[in-house]
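Colleague: Numbering follows UniProt numbering, with no gaps: position 121 of the sequence shown is 121.
Glycine is no exception: its CB is placed at the ideal position from the N, C-alpha and C atoms.
All figures in this text were calculated on a predicted structure; none of them were measured in a lab.
This structure is in structure tokens; I'll ask about it shortly.
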Amino acid sequence: MSEITNQPSGVPAGTAKPYDLEERTAQFAENCRDFVKKLPKTNSNFEYGKQLIRSSGSQAANYIEANESLGRRDFAMRIKICRKETKESCLWLRLSDTNNIPELEKERKVLMDEALQLRKIFTSILEKSKF
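Now the structure itself:
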């Protein structure tokens, strides 16, 4: 279930590349970790950074677990956790203090956009898998 065909409109069926959400969630977690390493070293950033690393890693791990689920209810529960952890990642990104460093502000915006996209994907998966 980790490979979802992302078929853009106007592209003939069967020609789109496979879409790997496991890789995308793992990449998001790695990007969050790298962002935290660049943040100014403050007490609040230390705590928020730890939480961001945990929540972004958790959404990736739970997506992997969802693909190994024991049934539909287990799958739905794992996807709900993914969505919750992604929302939480948005909070920690928002609270992180970048000291208005333009590069960090830009990186934070990119990460928050990715988190929003992932949250929408998880919501869509839940809606399509209702039983």
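Quick one: give me the first and last residue of the alpha helix (DSSP H) that Gly49 is part of.
Modeller: Run containing Gly49: Asn43 to Asn67, per the alpha helix (DSSP H) assignment.
Colleague: Taking the CB atoms as reference points, tell me whether Tyr63 and Glu22 lie closer together than 8 Å.
Modeller: Against a cut-off of 8 Å, the Cβ pair of Glu22 and Tyr63 comes out as a contact.
Colleague: In or out: Arg78 buried (at least 16 other Cβ within 10 Å) or exposed?
Modeller: Its Cβ being crowded by 16 or more others within 10 Å, Arg78 is buried.
Colleague: Only counting the same chain, and skipping five residues up and downstream in sequence, which positions put a Cβ closer than 7 Å to that of Ser69?
Modeller: Counting only Cβ-Cβ distances below 7 Å, and skipping sequence neighbours, we find Phe75 and Arg78.
Colleague: In terms of residues, what are the limits of the alpha helix (DSSP H) holding Asn31?
Modeller: Leu21 to Lys38 is the span of the alpha helix (DSSP H), which, as asked, contains Asn31.
Colleague: How many Å lie between Lys41 and Ser58 at the Cα?
Modeller: So the two alpha carbons sit approximately 24 Å from each other.
Colleague: Quick one: what does DSSP say Ile4 is sitting in, helix, strand or coil?
Modeller: Confidence at Ile4 is low in this model, with a pLDDT of 36, below 50, so the placement of that residue is unreliable and no value is reported for it.
Colleague: Start and end of the alpha helix (DSSP H) containing Thr98?
Modeller: No alpha helix (DSSP H) holds Thr98; DSSP gives it neither H nor E.
Colleague: Going by C-alpha distance, which of Phe28, Leu95, Ser56 and Cys82 is nearest Tyr48?
Modeller: Of the candidates Phe28, Leu95, Ser56 and Cys82, the one whose C-alpha sits nearest the C-alpha of Tyr48 is Leu95.
Colleague: Starting from the C-beta of Ala60, find all residues in its chain whose C-beta is less than 6 Å away, skip the five residues before and the five after it, and write them out in chain order.
Modeller: Hits under 6 Å: Thr25, Ala26 and Ala29.
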